[in-house]
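Counting with our numbering, you get residues 28 to 269 for the letters of the sequence shown. Heads up, the beta-carbon is just placed ideally off N, CA and C, and yes, glycines get one too. Because the structure is a prediction, the values reported are computed rather than measured.
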Amino acid sequence: MPGIGTLVNVAAVICGSLIGLLLKKGLSERLRESIMKALGVASMFIGIGCTMAEMLVMGEDGSLSTRGIMLMIVSLAAGTLVGELLKIEEHLEGIGERIKKVKMFSGSSRFTEGFVTATLVTSVGAMAIVGAMQDGLNGDPSVLFSKSILDFISTMIFASALGIGVLCSALPMGLYQAIITLFAGLLGSVFTDEMISNVSLVGSVLIFCVGINLFAGKRIKVGSMLPSLLVPIIYGLIMMAI
């Protein structure tokens, strides 16, 4: 049944977050800060690894070359410009602050940070896009099932350090993937393998930026960089039309 992959993914985020919240009660502030920095390092290496996987190309003679550098630069620059003009980061934080006003969430001092960070980590990347499309087109949720395992582990650790805001990230992630699944029939004829690879390349850079923020404190407005993911799609559509 189309959509089952996203439902399982949402359940994995909720379960992982709840376990993380239970673990948090036994962790001191010093341990939580150490876990945060460890998560930052892990996110940076995941971002670097996935970026290199998309950029490096092996030629027939065995030599390595790179691809997509200019598209990545243009995507990040143009996307960040649009994101800053639309104040996306501020809007994301505003959503987090409004949810935080709910009584059951008001006790978390890092609610907004956890909500925004976990939303970006679970939603940015090729698995979310490709998995949701396969679920909608072919009724194949296998990619989202694999993503669910990864998200379960990551949100468990995030929640142990950042609190209940991580739990609430299940809602925007679920909506994001559900929309892609719903319109997969239309998107399936538009998205090429190269387009998905380019989106994954830019998304991996954003994951690296999330890692920097986790390790060193907020330095980069990753939320405002989200429109960068649309640039490879627009570029791909233009190239198809030419």
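Check, Outcome
"So, with DSSP's three-state summary, where would you put Val84?", "strand"
"Taking the C-alpha atoms as reference points, what is the distance between Glu81 and Thr93?", "9 Å"
"Measuring alpha carbon to alpha carbon, tell me which of Asp167, Gly86, Leu119, Gly190 ends up nearest Gly32.", "Asp167"
"Apart from the five residues just before and just after Leu103, which ones in its own chain have a Cβ nearer than 6 Å to its Cβ?", "Ser255"
"Whose C-beta lies closer than 6 Å to the C-beta of Ala186 among residues of the same chain, with five residues either side of it excluded?", "Ser44, Gly47, Leu48, Val193"
"Does the separation of the CB atoms of Val258 and Gly106 fall below 8 Å?", "yes"
"Let me check one thing: in DSSP terms, what residues is Thr93 bridge-paired to?", "Leu83"
"Taking all protein chains shown into account, decide if Asp88 is buried (16 or more other Cβ within 10 angstroms of its Cβ) or exposed.", "exposed"
"Given Gly230, which residues of its chain have a CB within under 7 Å of its CB, disregarding the five upstream and five downstream residues?", "Val151, Gly152, Ala153, Leu256"
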